[in-house]
Amino acid sequence: MQIIVSEIEQDEAGQVKGFARSSFGLDDTRYYYPASTVKLPIAILAHEWLAEQEVPGLNRETPMLNLTAREAQTEARFDSTSANLLPSIAHYAKKILLVSDNDAYNRLYELLGQDYINEKLRQKGLAHTVINHRLSIPLPAEENRHVNPIRFLQADGSTLFELPAREASGVYVNQDAPMLAKQYYIGDSLVSAPMDFTTKNKYALGDFMATLERLVFPEAFSSEQQFAVAAEDRDFLLTYMGMLPHESQFPAYDPKEFYPSYSKFFKFGTSKEPIPDQFRLYNKTGMAYGHLLDGGYFVDEEKGISYFIAAVIYVNENETLNDNSYEYDEVGFPFFAELGEYVYQHFVRRQETGTFTPYQRLGTSPWEQALKKK
């Protein structure tokens, strides 16, 4: 278990200057599997990549086709959940942030490639992160070094911009060769040894928190440490981070399947009840290999309370991986609901006793204003 709570530090004018972090069990050198939390930096970096291009007409809504150059690769030319039936960086980001769609992450991973992803994150000071594979597709490490050719389309269907198939020039692995559990399954076969995560993604909780802080309050960081995304793209990302699945039109989601807390673990757990309008959680969750994670910017605009919170818990009592026997429901989700409520009430009590200074500009940003209309 690892937990971080980060409180905003501001000057008299409400300008964010930094953060006061508290933590429990935090160790960024101790490996855990980050699951879908790695989708957040990928969604952000896809928009940073856009900002670096100097191609007239290329933006987050431009249709993007993932083609193939290797037998193991798959193409993506259509998206039935998009208004125009075409995929795009924006639509993939929506699907990532709303319901943690694996294919959407994979397509943006294929846009960026390992070199771009890992070099950019290192430049921003995220020193305990390695992103080196697609999700939910059992490809060997060598295949994940290769990414698809990409084609962006103009309105008439002609080619606007293309990227060739690419292979990573660097090698991105976990140098400490982490091993988890005591045994694991490959299909129906049990391997009586720990599972090797050397070629799996790594995203330390401190780096996860740093990503959240950089995205929400870039002004607190040097230009080298910021995500260099256009202002309107940052507003877009934060809007969909805070949005609930039923509030989205394209893509649209069945509220019975994608209930309000579907991807909002803190405080609300797995409750199917509506989340009160005063609360917004701009977050990203993850769940795999017995790990359950959530991290985000928690806001109660009615009370004027806001803070960052992130946590990971490992629930694998039988020390066996790939057996679909994890204590998510019994331990994991209740942990996030109780921890979220405890931390929230802690800030409520501090506010009541005058020991908490609310963020002065809470609720004034374009992304917060956009969600008030939902």
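Adding 70 to a residue's 1-based position in the sequence shown gives its number in this note's numbering. For glycine and all other residues, C-beta sits at the position ideal for the given N, C-alpha and C.
- Considering only the beta carbon of each residue, do residue 362 and residue 96 sit closer than 8 Å? Residue numbering aside, residue 362 sits at position 292 when the sequence shown is read from its first letter. Residue numbering aside, residue 96 sits at position 26 when the sequence shown is read from its first letter. Their beta carbons are not under 8 Å apart, which means residue 362 does not touch residue 96 by this criterion.
- Message: Quick check: the Cα distance between residue 294 and residue 194, rounded to an integer number of angstroms?
- Response: In the sequence shown, the residue the question calls residue 294 occupies position 224. In the sequence shown, the residue the question calls residue 194 occupies position 124. Spanning the two alpha carbons is a distance of roughly 6 Å.
- So which of 215, 243, 346 and 145 has the shortest CA-CA distance to residue 173? Numbered from its first residue, the sequence shown carries residue 173 at position 103. The option with the nearest alpha carbon to residue 173 is 145.
- Message: Considering only the alpha carbon of each residue, which of 268, 300, 262 and 337 lies closest to residue 393?
- Response: As a first step, residue 393 is located in the sequence shown; it is residue number 323 there, counting from the start. The residue with the shortest Cα to Cα distance from residue 393 is 262.
- Item | Secondary structure of residue 380, DSSP reduced to three states | Along the sequence shown, one-based indexing puts residue 380 at 310. Correct three-state label for residue 380: strand.
- What residue ranges within the segment 278-348 form continuous alpha helix (DSSP H) runs of no fewer than 4 residues, ordered along the chain? 301-312
- Can you name, in chain order, every residue of its own chain whose Cβ lies under 7 Å from the Cβ of residue 136, other than the five neighbours on each side? For the purposes of this step, residue 136 is taken as the residue at position 66 of the sequence shown. Result list for residue 136: 145, 146, 177, 180, 218 and 220, in chain order.
- Query: With 16 as the cutoff for other CB atoms within 10 Å, does residue 113 come out buried or exposed?
  - Reply: On the sequence shown, position 43 is the one that residue 113 refers to. So residue 113 ends up on the buried side.
- Taking all protein chains shown into account, decide if residue 74 is buried (16 or more other Cβ within 10 angstroms of its Cβ) or exposed. For the purposes of this step, residue 74 is identified with residue 4 of the sequence shown, where counting begins at 1. Under this definition residue 74 is a buried residue.
- Message: Checking the sheet assignment: what are the DSSP bridge partners for residue 266?
- Response: Sequence index remark: in the sequence shown, residue 266 carries index 196 (1-based). Partner(s): 249.
- Query: According to DSSP, which residues form a beta bridge with residue 353?
  - Reply: Against the sequence shown, residue 353 aligns to sequence position 283. In the DSSP assignment, residue 353 is bridged to 366.
- Query: Near residue 407, which residues of its chain fall below 7 Å by C-beta distance, leaving aside the five closest residues on each side in sequence?
  - Reply: As a working note, residue 407 is residue 337 in the sequence shown. Hits under 7 Å: 337, 338 and 339.
- For residue 88, write down the residues that DSSP places opposite it in a beta bridge. Along the sequence shown, one-based indexing puts residue 88 at 18. Under DSSP, the beta-bridge partners assigned to residue 88 are 79.
- Item | Cβ-Cβ distance between residue 321 and residue 443 below 8 Å | Here residue 321 refers to the residue found at position 251 of the sequence shown. Here residue 443 refers to the residue found at position 373 of the sequence shown. No; because the gap between Cβ atoms is not below 8 Å, this pair is not in contact.
- Query: Are at least three pairs of beta-carbons, each pair with one atom in the segment 92-108 and one in the segment 238-251, less than 8 Å apart?
  - Reply: yes
- Cutoff 7 Å; reference residue 170; Cβ partners in own chain excluding five residues on either side: The sequence position of residue 170 within the sequence shown is 100, counting from 1. Cβ-Cβ distances below 7 Å link residue 170 to 106, 109, 333 and 355 in the same chain, with the five nearest sequence neighbours on each side left out; the list follows chain order.
- DSSP state of residue 194 mapped onto helix, strand, coil: As a working mapping, residue 194 is identified with position 124 in the sequence shown. Residue 194 falls in the coil class under three-state DSSP.
- Item | Selected residue, minimal CA-CA separation from residue 82, among 441, 434, 430 and 435 | Sequence index remark: in the sequence shown, residue 82 carries index 12 (1-based). That would be 430, whose Cα lies nearest to the Cα of residue 82.
- Message: Within 8 Å, do at least three Cβ pairs link the segment 279-292 to the segment 365-382?
- Response: yes
- Message: Quick check on this structure: which residue in 143, 155, 226 and 148 has the alpha carbon closest to the alpha carbon of residue 214?
- Response: Translated into the one-based positions of the sequence shown, residue 214 becomes position 144. Ranking the options by Cα distance to residue 214, first place goes to 143.
- Pick out the complete beta strand (DSSP E) segments inside the segment 110-186, 3 residues or longer, and give them in chain order. Qualifying beta strand (DSSP E) stretches, in chain order: 134-136.
- Determine the DSSP secondary structure at residue 243, reduced to helix, strand or coil. Sequence index remark: in the sequence shown, residue 243 carries index 173 (1-based). Here residue 243 sits in coil by DSSP.
- Task: Give the secondary structure of residue 206 by DSSP, where H, G and I count as helix, E and B as strand, and everything else as coil.
- Result: What you label residue 206 is simply residue 136 of the sequence shown in a count that begins at 1. Coil.
- Taking residue 130 as the reference, which of 117, 122, 141 and 138 has the closest Cα? On the sequence shown, position 60 is the one that residue 130 refers to. The shortest C-alpha separation from residue 130 is found at 117.
- Query: Where does residue 319 land, buried or exposed, given buried means 16+ other C-beta within 10 angstroms?
  - Reply: Numbered from 1 along the sequence shown, position 249 holds the residue referred to as residue 319. Flag for residue 319 reads exposed.
- Task: Can you tell me which of 277, 331 and 310 puts its alpha carbon nearest to the alpha carbon of residue 99?
- Result: Counting from one through the sequence shown, the residue named residue 99 turns up at place 29. Nearest option by C-alpha distance: 277.
- Report the residue from 438, 201 and 420 whose alpha carbon sits nearest the alpha carbon of residue 77. Indexing the sequence shown from 1 puts residue 77 at position 7. Residue 77 has its Cα closest to that of 420, out of 438, 201 and 420.
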